[in-house]
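Note that the numbering used here has the sequence shown beginning at 350, numbered continuously upward.
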Amino acid sequence: MFVGYTGMKRKSFLTAAAIMAVAGSRANIRGGFSAIPADTDDEQYWSALRASLFPIESGRIFLNNGTMGITPYPVLSALQNGFENAAIKGAYPGHTDDLQKSIAELTGCDFEEIAITKNVSEGINHACWGIPMNKGDEVIMTTHEHAGGCIAWLHRANVDGIVIKTFQLGKTADETLANLEKAITKKTRVIAVPHIPCTIGQILPIKEICALARSRNIITAIDGAHPLGMIRFNLHDINCDYYSGCLHKWALGPLGMGFFYVRKDMLAKTRCTHVAAYSSNEFNMATTPPTGGKLVDTAHRFYYGTFCGPMYEAAIEALKLYKKIGPERIETRVRSLAAYLQESLMALGDKIIMLTPTEAKSRGAQVAFRINNGNPKASSELVTGLYSKKITLRYVGENNVDCVRVSTHYYNSREEIDTLVAEVKKALG
Ligand SMILES: Cc1ncc(COP(=O)(O)O)c(C=O)c1O
C-alpha cells in the first residue's frame, strides 16, 4: 500500500511550478570540463528538481543509479493510479503501443522492433536462446559482464556446447576495439557485449564494434542496461541486431521494466522460445488438428501473458519526464558530475587506482576506482562503512574487479561529491 497519496499528488502539482520557475531563472552558469559543454551546471536548477521530484530521504547521498534509479513522484503516482484503477473498476490492463513508441522515439528505431520486458536479463535471454547456433560456434564477450549479461550465454555453452571467448577492455575506445578484433576467429558467430559495463562504467565504441561485426558476418547482441536515461544513442545508427535495455536504472522508471530491440530483418531469423497470448492472434484448439502457431510479425511476439499495466503507465510517465527535462541536458549534467568526481579523486594521489578511462568519449556517468593503501579489503570496506553514513555506493567484487563504483545522476550535486571525496581521503590513511 502506498502511503501519502494525496501528498504525492500535491507534490507533483508543485513540481511543475517549481521546475518552470527554476528553469526560467537559469542565470548561474558555471564552467565545466573541456570535452563537456558546461551550460547545464546550474546547481540551483538541479537541486530544485531533486527536492520537488524525488522522495529520497534528506541527507542520503545516493550514488548507485547503476543498480537502480530513484523513482520520481510522478512515476509513483502513475503506479498508484494504475493499480487503484484496476482494483476500483475491475479493469484488466489495456495494451496500447505507447510505451514501445516512446522507447522507439528515444532510441532511434521503429516501435515494431521493441518488445517490453521485465528487465535486461529477459532481453538477453531472448537473444541468446533465439539465435540458432551449433556446437563449437563462438561468442565473444568482455571480462566485465554482469550476471544478467553473461549467465544465459554461459548456460547455453553448458547446454549446447557453444564456446565463450573473452577480451579485455582497453583504456581507450580504440584499444578496446583492437582487443575485440584480435578475439575474432572464423568460428565467431556472435559478439555479445555491454554498451556500458556495470563494473567500471566506460562507454564502449558500440557503433564501431557493430560495424566490425557486420563486416565479418557476425551477429551483435548488446547489453544496454545503462545507456537509456544517461546518454543519447540511436539503435539504427549503432546498427546492432539485438539490444536489451531497462527503464529502472537511469531512465528512472518503475523497478522491473525493460525492453528488447530486435532489428526488423532479424525477427524471422530469431527463434521465439516463450510465447502465449499477445505473441499470436491465431489459435483454435477445437479444430482437428488444432490450428495456430503463426506469430505476429513484430517484436510483440516476445510478449506472453498478463502484464503489469500500471508499470507500463508509470514507465511512460518516467520517459515523459526524461523528455521534458531534456536528454541532452541530462547527459551533459550526469557526465559533467562524473568528470568532476574523477578529477577530484585523481587529485588525491596514487593511493587511488582509477579504473574508469579518462578519455572523455569513453567516460559516462560512472566512475570506478580501487584503494591501494595496503589493505586488500579497503575498497569493499569503504562501501560498507559509507552506507552507515548514508552514502550509497556499489562495491564491484565480481569478475575480480574489486572496486568502488560511483554513479552520478542529475539529482546528485557537486556538494555530495565533495562529501564523498572527503570520506575517501580519510579512508586512504
Ligand atoms: C550491464 C548490466 N547488464 C545486465 C544487468 C541486469 O539487469 P536486470 O536486473 O535488469 O536484468 C545489469 C544490472 O545491473 C547490468 O548493469
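A virtual CB, placed ideally from N, CA and C, is assigned to each residue, including glycine.
CB contact flag (residue i, residue j, <8 Å)
i: Arg-719; j: Asp-751; result: yes
i: Thr-537; j: Ile-567; result: yes
i: Leu-428; j: Met-660; result: yes
i: Lys-556; j: Asp-590; result: no
i: Ile-665; j: Tyr-759; result: no
i: Glu-462; j: Val-611; result: yes
i: Ala-501; j: Ile-473; result: yes
i: Gly-675; j: Asn-722; result: no
i: Arg-743; j: Arg-712; result: no
i: Cys-595; j: Met-606; result: yes
i: Ala-687; j: Ala-714; result: yes
i: Met-417; j: His-544; result: no
i: Ser-762; j: Glu-392; result: yes
i: Phe-651; j: His-475; result: yes
i: His-493; j: Pro-546; result: yes
i: Glu-708; j: Ala-522; result: yes
i: Gly-408; j: Lys-739; result: yes
Paired residues, beta bridge with residue i - DSSP
i: Pro-421; result: DSSP, once it has assigned bridges, lists no residue as partnering Pro-421.
i: Val-716; result: Val-755
i: Phe-656; result: Bridge partners of Phe-656: none, in fact.
i: Lys-551; result: For the sequence presented, residue 551 should be read as Gln rather than Lys. Its beta-bridge partners are Arg-712.
i: Asn-633; result: Thr-640
i: Tyr-592; result: Ile-571 and Tyr-610
i: Met-703; result: Phe-718
i: Glu-662; result: According to DSSP, Glu-662 bridges with nothing at all.
i: Pro-543; result: Asp-572
i: Phe-411; result: Thr-741
Residue i CB to nearest heavy atom of ligand 1 below 7 Å
i: Ser-470; result: yes
i: Gly-602; result: no
i: Ala-574; result: yes
i: Gly-497; result: yes
i: Cys-547; result: yes
i: Thr-515; result: no
i: Cys-595; result: yes
i: Gly-415; result: yes
i: Gly-607; result: yes
i: Glu-639; result: The question names Glu, yet the displayed sequence has Pro at residue 639. No - ligand 1 has no heavy atom lying nearer than 7 Å to the Cβ of Pro-639.
i: Pro-554; result: no
i: Pro-404; result: no
i: Pro-543; result: yes
Where residue i falls: helix, strand or coil (DSSP)
i: Cys-559; result: helix
i: Thr-466; result: strand
i: Lys-514; result: strand
i: Met-615; result: helix
i: Gly-605; result: coil
i: Cys-458; result: coil
i: Glu-494; result: coil
i: Val-745; result: strand
i: Asp-586; result: helix
i: Gly-675; result: coil
i: Arg-505; result: helix
i: Ser-374; result: Annotation note: pLDDT 31 at Ser-374 (below 50); position unreliable, no value reported.
i: Thr-537; result: strand
i: Ala-667; result: helix
i: Glu-406; result: coil
i: Ile-740; result: strand
i: Ala-786; result: Examination of residue 786 is not possible in this model, given that the chain is present from 350 through 778 alone.
i: Val-488; result: strand
i: Ala-626; result: strand
i: Arg-684; result: helix
i: Val-732; result: helix
i: Trp-599; result: coil
i: Leu-694; result: helix
i: Cys-621; result: coil
i: Arg-650; result: helix
i: Ile-580; result: coil
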